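To convert, note that position 163 of the sequence shown is 162 in numbering that gives the first Met the number 0; the numbers rise steadily by one, no gaps. In what follows, a single structure is set out as structure tokens and then discussed.
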Amino acid sequence: MSDDPETLRQIEELAADDRPLLILDVDDVILDFIKPFPRYLQSRGFDLRLDSFHLHGNIFHVENGEVAATGHVTELIDEFFHGQAEWQTITEGAADAMAQIAKSAEIVLLTAMPHRFREARRNHLDALGLPYPLLTTEMAKGPAVARLRGPTPRPIAFVDDQPRNLVSAHEHVPDATLFHLTADNSLRELMPPPPDFAVIVEDWKSALPKIEQALGI
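Right under this line is the structure:
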């Protein structure tokens, strides 16, 4: 069971499916985030300086060079997600890979974002031709991954750009095949290292055959 009751409610709305299961993160896995986000900030009078793998503390006022307050950064992120359709495009290769996998497996999108932005993201994904079920969660992803897998030991793969989400998934579904993929590989130097049990892939071209193998399709 998911620790997030709203995520659980969303999962219960899904139709039953016993095919192999692929669960995908959204930001920087199928939609670019870290590439358009600096452009969005500049349009609001801010700069992003990634000296560490955090947004808070790395966003600065262009006018005076001062670091943006925590509350202001949160407001900027919220505004970005509210208008995500203006900024976020499909990660290279994601759409074709997903279409190929969807012929033989269930695909579910699991995004860590406030539930209030689910409708905006759903509309944006539909406009991009990505009709796959979308779940939002405001808590750890592992319980949701386990709930999505269900009671049968069907093959399962999970793709995320955040190492902590891969760890959470492993804790709840130890036999899942986990993939670390990020749309901008230059960020790997700033990230915590992926766990040893995760398969590191640099793009969707290299990820596709490995995911298909993990799912047995």
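All C-beta atoms, glycine included, are put in the ideal place defined by N, C-alpha and C. Small disclaimer: the values here were computed from a predicted structure and weren't measured.
- Burial is judged here by how many other beta carbons sit within 10 angstroms of a residue's own beta carbon; Lys140 has at least 16 and is buried.
- Annotation note: the region 97-130 contains the following uninterrupted alpha helix (DSSP H) runs of length 4 or greater, listed N- to C-terminal: 117-126.
- Take Glu65, set aside five residues on each side of it, and the residues of its chain with a beta-carbon closer than 7 Å to its own are Phe59, in chain order.
- A direct Cα-to-Cα measurement between Val166 and Tyr39 gives close to 31 Å.
- For Asp31, the closest of Gly82, Ile89 and Ile10 by C-alpha to C-alpha distance is Ile89.
- According to the DSSP secondary-structure assignment, Phe157 is paired through a beta bridge with Ile22 and Leu177.
- Per DSSP, the beta bridge partners of Phe45 are His60.
- Around the beta carbon of Phe196, fewer than 16 other beta carbons lie within 10 angstroms, which makes this residue exposed.
- In its chain, beyond the 5 residues on either side, Pro162, Leu165, His179 and Ile199 have a beta carbon closer than 8 Å to the beta carbon of Pro193.
- Contact check for Asp183 and Val28: beta-carbon distance about 11 Å, past the 8 Å limit, so the pair fails to qualify.
- Boundaries for Leu7: no beta strand (DSSP E) harbours it, while the alpha helix (DSSP H) harbouring it runs Pro4 to Glu11, taken from the DSSP string.
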